[in-house]
Structures are given as structure tokens and as C-alpha cells.
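Just so you know, the protein sequences line up as chains S and P, in that order. If you're matching positions, the first sequence starts at 1 in this note's numbering and goes up one per residue. If you're matching positions, the second sequence starts at 1 in this note's numbering and goes up one per residue. These notes concern the structure reproduced below.
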Amino acid sequence: MYTYSEFDSAFVAERNRQFRAQVERRIDGSLTEDEFKPLRLMNGLYLQLHAYMLRVAIPYGTLNSRQMRQLAMIAERWDKGYGHFTTRQNIQFNWPNLANVPDILEALAKVEMHSIQTSGNTIRNVTADHFAGAAADEVADPRPVAELIRQWSTDHPEFQFLPRKFKVGVTGSPNDRAVTASHDIGLRIIERNGEIGYRVLVGGGLGRTPMIGKVLADFLPEADLLPYIEAVVSVWNLLGRRDNKFKSRIKITVHEHGIDEIRTRVEKHFAIIKPSFAGIDQQMLAAIRADFAAPAFLTASETPYTHARQHDPVFRSWADTNLSEHRVPGYAIVSISLKAHGKTPGDASAHQMRLMAELAERYGHDELRISHEQNVILPHVHKSFVPSVFAALRAAGLGTANIGLISDIIACPGMDYCALATARSIPIAQQIATRFDELKLEYEIGEMKIKISGCINACGHHHVGHIGILGLDRAGVENYQITLGGDHRTDARLGDRTGPGFAADEIVPAIERIVYAYLDLRTAPSETFLAAYQRLGLAPFKAALYKTEAQAYAAE
Amino acid sequence: MSREFTPKVITANALIEGDVVYFTAHDTWSRALQDADVLTDEADAALRLLIAEARNDEVVGAYLAEMKPGADGPDPVHFREEFRRTGPSNLFHGKQADIASRA
Ligand code: HEM
Ligand code: SF4
Numbered sequence: 001m002y003t004y005s006e007f008d009s010a011f012v013a014e015r016n017r018q019f020r021a022q023v024e025r026r027i028d029g030s031l032t033e034d035e036f037k038p039l040r041l042m043n044g045l046y047l048q049l050h051a052y053m054l055r056v057a058i059p060y061g062t063l064n065s066r067q068m069r070q071l072a073m074i075a076e077r078w079d080k081g082y083g084h085f086t087t088r089q090n091i092q093f094n095w096p097n098l099a100n101v102p103d104i105l106e107a108l109a110k111v112e113m114h115s116i117q118t119s120g121n122t123i124r125n126v127t128a129d130h131f132a133g134a135a136a137d138e139v140a141d142p143r144p145v146a147e148l149i150r151q152w153s154t155d156h157p158e159f160q161f162l163p164r165k166f167k168v169g170v171t172g173s174p175n176d177r178a179v180t181a182s183h184d185i186g187l188r189i190i191e192r193n194g195e196i197g198y199r200v201l202v203g204g205g206l207g208r209t210p211m212i213g214k215v216l217a218d219f220l221p222e223a224d225l226l227p228y229i230e231a232v233v234s235v236w237n238l239l240g241r242r243d244n245k246f247k248s249r250i251k252i253t254v255h256e257h258g259i260d261e262i263r264t265r266v267e268k269h270f271a272i273i274k275p276s277f278a279g280i281d282q283q284m285l286a287a288i289r290a291d292f293a294a295p296a297f298l299t300a301s302e303t304p305y306t307h308a309r310q311h312d313p314v315f316r317s318w319a320d321t322n323l324s325e326h327r328v329p330g331y332a333i334v335s336i337s338l339k340a341h342g343k344t345p346g347d348a349s350a351h352q353m354r355l356m357a358e359l360a361e362r363y364g365h366d367e368l369r370i371s372h373e374q375n376v377i378l379p380h381v382h383k384s385f386v387p388s389v390f391a392a393l394r395a396a397g398l399g400t401a402n403i404g405l406i407s408d409i410i411a412c413p414g415m416d417y418c419a420l421a422t423a424r425s426i427p428i429a430q431q432i433a434t435r436f437d438e439l440k441l442e443y444e445i446g447e448m449k450i451k452i453s454g455c456i457n458a459c460g461h462h463h464v465g466h467i468g469i470l471g472l473d474r475a476g477v478e479n480y481q482i483t484l485g486g487d488h489r490t491d492a493r494l495g496d497r498t499g500p501g502f503a504a505d506e507i508v509p510a511i512e513r514i515v516y517a518y519l520d521l522r523t524a525p526s527e528t529f530l531a532a533y534q535r536l537g538l539a540p541f542k543a544a545l546y547k548t549e550a551q552a553y554a555a556e
Numbered sequence: 001m002s003r004e005f006t007p008k009v010i011t012a013n014a015l016i017e018g019d020v021v022y023f024t025a026h027d028t029w030s031r032a033l034q035d036a037d038v039l040t041d042e043a044d045a046a047l048r049l050l051i052a053e054a055r056n057d058e059v060v061g062a063y064l065a066e067m068k069p070g071a072d073g074p075d076p077v078h079f080r081e082e083f084r085r086t087g088p089s090n091l092f093h094g095k096q097a098d099i100a101s102r103a
């Protein structure tokens with residue numbers, strides 16, 4: 001794992017010292033809120049509905065047991081004993097007191113963590129595939145380049161007052177698990193004729209005007225990456241619409257100017273700045289790579305695993321859903337579900353965080369990952385340890401066998417916490433998960449991604465959910481709009497709106513109608529919901545969804 | 001004709017704790033909606049809001065929230081204000097818990 005250099009530590013310490021003084025000046029009245037707000041946002045501190053919220057970056061979703069334990073300590077000491085993991089691979093604390101935030105930041109710095117650039121019009125926390133370094137299908141580990149981008153972008157003088165926020169996502173696998181197509185820049189590491197390079201996507205984004213990223217460079221040689229993305233950000237920094245917040249993201253710039261013109265401008269600027277890079281970025285990348293060297297993998301018998309599979313059906317069912325193929329024989333990637341039926345998606349208690357840290361340390365080469373799907377991953381577990389890991393998880397309420405199933409729902413904080421929300425998201429997720437658990441239909445339904453946002457900002461990725469749910473305020477009442485057929489993977493696609501929305505107490509039955517329609521329409525259990533949707537289109541699902549209403553009207 | 005002015009209270013978030021507070025008739029901040037000064041006159045409301053906003057070193061983001069008369073003082077018109085006076089619905093945290101622990 002990457003460890004801070006002296007420069008990194010000194011930089012974070014200095015930033016924390018500055019922020020401590022700023023908080024003091026705010027509390028003693030020498031700074032007004034208008035003056036203080038941009039300063040607190042630079043440190044990831046928001047004011048939400050009921051309290052402050054501190055957003056802490058987990059760069060490319062990677063952390064070790066020491067860091068996870070420190071998050072648990074912070075949750076217990078300064079919050080209400082839990083934290084919320086988000087789609088941006090951050091953790092959010094929902095209840096800190098302003099006066100304590102400088103101490104929290106100091107506690108984070110002790111384990112090489114911070115909140116810098118988790119907010120504001122800067123280049124945000126770089127996200128990556130949560131199976132990075134472990135996935136069997138990986139071309140290269142995306143984290144070294146994500147770390148390089150983090151170092152380059154942190155406090156980059158040219159990019160502190162961008163037209164708007166700027167998000168970069170990286171995948172090193174042809175099966176995109178990092179939703180790169182929904183990022184301002186999406187990077188896909190690819191191999192061509194034995195050479196590693198990047199496919200660069202630009203102008204993806206969700207929010208009020210969702211767009212799928214377009215290919216800017218089909219194959220960019222490795223050494224060109226940093227000057228090339230610097231050129232992209234520079235071109236947007238000049239062209240981006242500062243006059244209108246809703247048109248400021250690069251997706252709109254690309255839309256207004258066209259991908260070809262953007263490419264021409266980027267290439268022109270790239271040619272100018274490329275010579276100034278002089279290879280230092282490549283030396284840095286090589287050094288960072290060494291930090292991400294693979295752990296010393298074990299060779300051992302898999303008998304405990306095969307034995308448990310044979311004799312324990314509960315274990316087998318969990319292993320079938322929550323394990324993924326590791327690149328090293330004998331190893332598995334363990335996904336820990338933070339989606340126990342009826343619980344808040346993405347929440348983990350301090351006790352659960354400590355247990356996950358302990359398991360990572362004992363059985364997982366001290367590595368943990370946070371997925372954008374709001375789950376925690378133990379990326380490197382030898383199969384012989386998997387039964388012990390499962391037993392410990394189960395005892396702590398972390399043994400839910402539902403990864404990729406209908407109850408593995410992404411939900412943003414919504415109106416339960418978020419000041420921008422137009423409706424709640426969490427209770428809808430809780431009700432859907434509880435309902436399908438009662439119906440005992442989860443396994444029969446198979447792969448299904450439900451994603452819920454509490455307003456058009458789309459933090460819950462609803463546009464790319466197989467079933468997307470968007471909470472709105474219709475004349476003072478919560479109302480939920482459904483989209484179908486979204487896909488977050490390599491060939492990303494935005495979902496189609498079905499029609500009028502549903503009240504809070506109608507949304508679960510509405511989802512049920514869609515699911516029953518799918519079960520009727522699929523050619524075989526192997527045809528997933530998304531595949532059936534792609535074959536049939538919106539019409540039959542729409543008919544099922546609005547059936548009861550149409551019948552009710554007809555009866556009038 | 002201009003629309004009739006509906007009753008409002010002044011609400012904000014406390015500077016240090018960040019929790020929801022309401023402006024009382026005595027120019028103090030209370031954690032309980034029942035204690036809020038209910039404003040029924042538009043000009044008076046605008047003036048009171050200026051006074052509340054000047055208390056910038058105690059609170060953040062003061063604004064007028066619409067209310068209707070309820071059994072126990074004002075009741076929020078909009079569900080957002082209902083959540084603000086209660087706390088989140090997924091966990092028993094925030095005001096609902098504070099009230100329970102005081103009772
Ligand atoms: C609770 C405080 C939050 C605030 C104030 C907030 C604000 C916003 C805003 C304004 C946008 C729209 C940006 C645009 O379209 O230009 C947005 C998008 C987004 N946010 Fe949040 N958000 C919050 C929480 C979260 C959480 C908890 C997550 C992760 C679960 C998240 C992840 C995202 C993502 C993935 C997008 C869409 C991607 C994009 O186009 O940028 N946000 N957020
Ligand atoms: S989608 Fe809206 S409600 Fe949900 S977290 Fe983002 S800004 Fe808040």
C-alpha cells in the first residue's frame with residue numbers, strides 16, 4: 001500500500017493546522033459563515049439537515065486495518081458510533097461537532113488519511129475498481145495511476161478554482177467495476193500488442209443532465225497520461241461555463257463543443273506541455289508501483305473451504321454470492337455486505353469496522369477496500385481461511401449473502417440527512433430489501449441492481465441502476481420516479497423513464513410488479529433482468545408497472 | 001392581489017453542534033419547535049429574520065419555514081421541516097433521541 005512521504009505528512013499537518021485556526025476564528029466570531037464555508041468545504045465539512053457531516057477520502061477505496069480501526073475510534077469518540085460508506089469510496093460521519101473536527105482531522109492524519117478535496121470545485125478523490133490488485137480479469141492494477149493523479153491534483157495551483165467539481169475513475173479490468181463512464185474523466189487500462197495504455201473517456205456524469213462518457217483517446221501510451229489529463233482539465237478550465245452552475249461540468253462542455261473539437265484542443269495543449277513533464281511523472285509512477293507490490297501470497301490446502309461448502313449450506317449460499325475470482329490460485333475476493341435486510345445501506349458500526357480490520361489483519365494480508373456499491377471488500381483471502389472469516393462476519397451481523405442481488409441496493413443519504421434532498425432514499429431501500437427477503441425471491445431473481453437517489457444530483461447512481469429510483473418532491477409529498485435498463489458497466493447505459501412516479505407507500509408494490517413481470521418474461525433463469533430488458537425493451541415492463549392503475553381507471 | 005401570508009418560524013442550525021434551532025420571541029435560540037416565535041405578519045417576519053441573521057456567530061443559515069397551527073404549537077407544512085424537527089427516520093438519532101433522553 002502507498003505510504004505517505006515526508007512531504008505528504010508535512011502537507012497534511014500544515015493543512016490541519018490552518019483549518020484548526022480557521023475553526024477557532026469562526027467560533028470566536030472573527031470569520032462569518034460566508035467566509036468560513038469555502039474553507040470548511042475544502043476540508044470536506046458540510047452542514048446537513050441535523051448536524052455537520054465530515055467526508056473523509058479513502059483514496060481509490062483502499063485502506064489497511066490500522067486505518068479502519070481509526071475510523072472506528074473516530075465514530076465512537078466523536079460521532080454516534082457508526083460511519084456511512086458512499087458511492088464515491090468515501091466515509092461520511094453524520095454527527096460531528098464543529099469544535100471537534102480539527103481533532104478528528106488530526107486523528108486521521110495519524111493514519112495517513114484526510115478530507116482534502118472531498119468537496120468544492122477541485123479534482124476530487126480518485127476512485128478505482130474495488131477489486132484492484134486482486135481480480136482475475138485485471139490487465140493492471142489501477143491504483144498506482146490513481147495515486148499518481150491524486151499527488152498531481154492535490155493542491156495543483158492551476159486547478160483549485162475549476163468551473164465545478166471534477167471526478168476521475170480508473171479501472172484496470174475490461175469488466176468495468178468502477179463506473180468509469182460516469183466520471184468527468186474515465187480511464188481504462190488496456191493492453192494492445194503487449195503494450196499497456198489507457199482508453200480515455202471524457203464527459204461522463206450523472207446529476208441533472210446525465211451523460212455517458214465519450215472516448216477521447218482510444219489508446220494513450222502510458223508515458224503520456226499525466227500531461228494528457230492535465231491538458232483535458234486545462235481546456236475545460238478555460239471553456240467551462242462559469243456563468244451557469246448547471247452547465248459547468250465538463251460533460252456540458254463536451255456536449256456544447258463536440259468531442260472532436262475538444263480532442264483537437266486537448267491535443268494542441270498536450271503538445272505544448274508534454275516536454276515540461278520530462279519523465280519525472282514516470283519515475284514517480286514507478287516508485288508508487290513498488291508501494292502497491294502484491295502481498296506474499298500463501299500456498300495451502302483448500303480443504304477447509306471445500307469441506308465447508310459440502311457440509312454447510314448457509315456457508316455455500318454465502319460463498320456463491322459473496323466470493324469473486326482471485327487472480328492467484330487458492331485465493332478468493334470476499335465481499336462483505338453492508339446491506340443486511342432492513343438496515344441502512346453502507347452503514348457500519350464501530351464494532352463492525354473493528355471486526356473487519358481484525359479479519360483483514362489476520363486473514364487478508366492487511367488489506368480492505370470500499371466499493372462504490374457501499375460494501376467492504378477483503379481482496380486477498382486464502383480459501384482455507386474463508387470459513388473462519390464467514391463465521392466471524394456472521395456473528396457480527398455482516399454475513400448477509402446478497403452481493404449483486406435485489407437487496408444489495410445503493411442508496412444515497414436522501415432526506416434523512418442531506419440538505420439538498422427532495423425525498424428520502426434510505427427507507428425505500430430498507431423496505432425493498434425487507435419485502436424481497438420475506439418473499440424469499442432474491443435468489444430466484446438473481447442479478448439485480450437497484451440504485452436510489454434522493455434528488456436529481458444522482459449521488460445514488462439511479463440513472464445506471466437496472467432499476468433506478470429517484471425521489472422527488474411533488475407538491476409537498478415524496479414521489480418516486482422509476483427508470484429501467486440502466487447499466488453501470490463497460491457499455492454503460494442510462495435507464496429509461498417509465499412514466500408517472502409513485503407515492504412512498506406505492507413504490508414497493510411497483511417494484512414488485514416489475515420483478516414479477518421479469519420472472520414471467522424471462523426465457524430461463526439464466527436470463528438476467530438486464531438481459532431480458534435489453535431483449536424486450538420498456539413496453540412489457542411499463543405495461544406491468546401501470547397495470548393496476550389502468551385497470552382502476554377502466555373500472556371508474 | 002398578493003397571496004395571504006402564511007405563519008412562519010425562523011429556523012437555523014447551531015454553529016457548533018450543527019443541530020436545528022428555532023428563534024424565540026425573546027431573541028434566543030431553542031432546540032424545540034414549540035418554543036419558536038410564530039410570525040404572522042410579513043413585514044414583521046422580514047425584520048425578525050434580519051435580527052436572527054445578525055446572530056451569525058451563534059447559528060448558520062437562518063430562514064423562514066412555513067408552519068400551520070398544531071395541537072402543541074406550530075406544525076411544519078413541509079415534510080422537510082418535519083424531519084428537521086424530529087431527526088432521521090432510519091435511526092433513532094437527533095432530536096427524537098434528545099427529547100427521549102431528557103424525558
Ligand atoms: C450529503 C451531502 C452531499 C451533497 C451536498 C452532495 C452534492 C452533490 C451535487 C450537488 C451533485 C451534482 C453535481 C453536478 O451534477 O454537477 C452530486 C453528484 C454526485 N454525488 Fe453527491 N452529494 C452529497 C452526498 C453524496 C454521497 C453520500 C455520495 C455517495 C454515496 C455522493 C456521490 C455523488 C455522485 C456519485 C454524484 C454523481 C456523479 C457526478 O455527476 O458527479 N454524494 N452530489
Ligand atoms: S442525490 Fe441528492 S439527496 Fe442524495 S445525497 Fe446527493 S444531493 Fe443528497
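Every residue gets a Cβ at the ideal spot worked out from N, C-alpha and C, and that includes glycine.
Distance from the Cα of residue 27/P is smallest, within the candidate group 36/P, 83/P, 20/P, for 36/P. For residue 204/S, the CB stays at least 8 Å from every heavy atom of the ligand SF4. Counting only residues of its own chain and dropping the five nearest sequence neighbours on each side, residue 462/S has a CB closer than 7 Å to the CB of 451, 452, 453, 468, 469, 470, 483. Burial state of residue 317/S is exposed, judged by a 10 Å Cβ sphere holding fewer than 16 other Cβ atoms.
The beta carbon of residue 49/S sits closer than 9 Å to some beta carbon of chain P. An exposed status is given to residue 440/S, since fewer than 16 other beta-carbon atoms sit within 10 Å of its beta-carbon.
In the DSSP assignment, residue 22/P forms a beta bridge with 11/P, 30/P.
Taking 8 Å as the Cβ-Cβ cut-off, the region 38–71 of chain P approaches chain S at 56, 57, 60, 61, given in chain order. Take the alpha-carbon of residue 24/P and the one of residue 87/S: they are about 40 Å apart. Residue burial annotation: residue 46/S is buried, with at least 16 other C-beta atoms found within 10 angstroms of its C-beta. Three or more Cβ pairs drawn from the region 121–135 of chain S and the region 52–68 of chain S lie within less than 8 Å of each other, which places the two stretches in contact.
In chain order, 467, 482, 484, 541, 544, 545 place their CB closer than 8 Å to the CB of residue 514/S, counting only its own chain and leaving out the 5 sequence neighbours on each side. When DSSP states are grouped into helix, strand and coil, residue 375/S belongs to the coil group. In its chain, beyond the 5 residues on either side, 145, 198 have a beta carbon closer than 7 Å to the beta carbon of residue 225/S. Within the DSSP bridge table, the entry for residue 453/S names 470/S as partners.
The beta-carbon of residue 17/P is placed less than 9 Å from the nearest beta-carbon of chain S.
Between residue 239/S and residue 263/S, the gap from beta carbon to beta carbon reaches 9 Å or more.
DSSP places residue 73/P in the strand class (E or B) of the three-state scheme.
Chain S has a Cβ within less than 9 Å of the Cβ of residue 20/P. Secondary structure in the region 161–248 of chain S: the beta strand (DSSP E) runs of 3 residues or longer, each lying completely within the stretch, are 168–171, 185–192, 195–202, 214–221 in chain order. The alpha-carbon of residue 480/S is positioned some 35 Å away from that of residue 378/S. Per DSSP, reduced to three states, the secondary structure at residue 475/S is coil, with no helix or strand assignment.
Counting every other CB atom within 10 Å of its CB across the protein chains shown gives residue 298/S a total below 16, marking it as exposed.
Selection 444/S, 339/S, 488/S, 84/S evaluated against residue 401/S yields 339/S as nearest (Cα-Cα). Residue 67/P has its Cβ no nearer than 8 Å to any heavy atom of the ligand SF4.
Against chain P, the CB of residue 56/S has no partner CB under 9 Å away; the residue lies outside that interface. Taking a cut-off of 8 Å on C-beta distances, the region 313–332 of chain S does not touch the region 352–365 of chain S, as fewer than three cross pairs fall below it. Residue-level contact by beta carbon fails for residue 348/S and chain P, as no gap is shorter than 9 Å. Rounded to whole angstroms, residue 41/S and residue 157/S show a C-alpha spacing of 17 Å. At least one heavy atom of the ligand SF4 lies closer than 8 Å to the C-beta of residue 460/S. For a Cβ distance threshold of 8 Å, nothing in chain S lies close to residue 101/P: the least Cβ distance comes to about 13 Å.
The Cβ-Cβ distance between residue 187/S and residue 215/S does not fall below 9 Å. Of all C-beta pairs linking the region 371–388 of chain S to the region 287–305 of chain S, three or more are shorter than 8 Å, placing the two stretches in contact. If you draw a straight line from the Cα of residue 62/P to the Cα of residue 97/S, it is about 19 Å long. Shown here, residue 82/S sits in a strand according to DSSP, grouped into three states. In this structure, the ligand SF4 has a non-hydrogen atom nearer than 8 Å to the beta-carbon of residue 415/S.
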